[in-house]
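Comments concern the structure below.
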Amino acid sequence: MITYLDKILYLYPTIQRVMLWETRYDGTPFEDPYDGIVWENTEIDKPSKEILDAIPEALVIAAKKEKQLDALCESLKSDFTTKMMYKEALKTNVDLSFKDFVKSIQDMEIV
267 MITYLDKILY LYPTIQRVML WETRYDGTPF EDPYDGIVWE NTEIDKPSKE
317 ILDAIPEALV IAAKKEKQLD ALCESLKSDF TTKMMYKEAL KTNVDLSFKD
367 FVKSIQDMEI V
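Going by the numbering used here, the letters in the sequence shown line up with residues 267 to 377, in that order.
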């Protein structure tokens, strides 16, 4: 499920001082989840509900997947086995980026 916070992070990937509360202090849920956004950022104005609602969920999901892939690539850069596998893959495809290589091995079955 994509939340307003996900959409805010899609618009402003490095934003800070924004939170999303799911319930009020007394535990009752907000009638509209937009009302649960706590905006303490003084550098950027809070986007309107209309702007956030106009962002397609597919874009947010794709951005989240890309961010996860970037994190995976970063963690694998120092892995010796991955480096060796990438080196071997480069022998057959000299234009293969490390990121594309990691994408290709994500779905491999380990035997």
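Just so it is clear, CB atoms sit at the ideal spot from N, CA and C, and this is done for glycine as well. Just so you know, these numbers come straight off a predicted model, no measurement behind them.
query: Sub-8 Å separation of Ile268 and Ile274 beta-carbons; result: no
query: Thr308 to Gly302 span [Cα, whole Å]; result: 18 Å
query: Spatial distance of Val377 from Cys339 (CA atoms); result: Because Val377 sits at a pLDDT of 42, beneath the cut-off of 50, its placement in the model cannot be relied upon, and the following sentence gives the value as read from the coordinates. So the two alpha carbons sit approximately 22 Å from each other.
query: Own chain residues within Cβ distance below 7 Å of Lys369, not counting five before or after; result: Leu335
query: Close beta carbons around Leu271, own chain, < 8 Å, minus the five adjacent residues each side; result: Val284, Met285, Leu286 and Ile303
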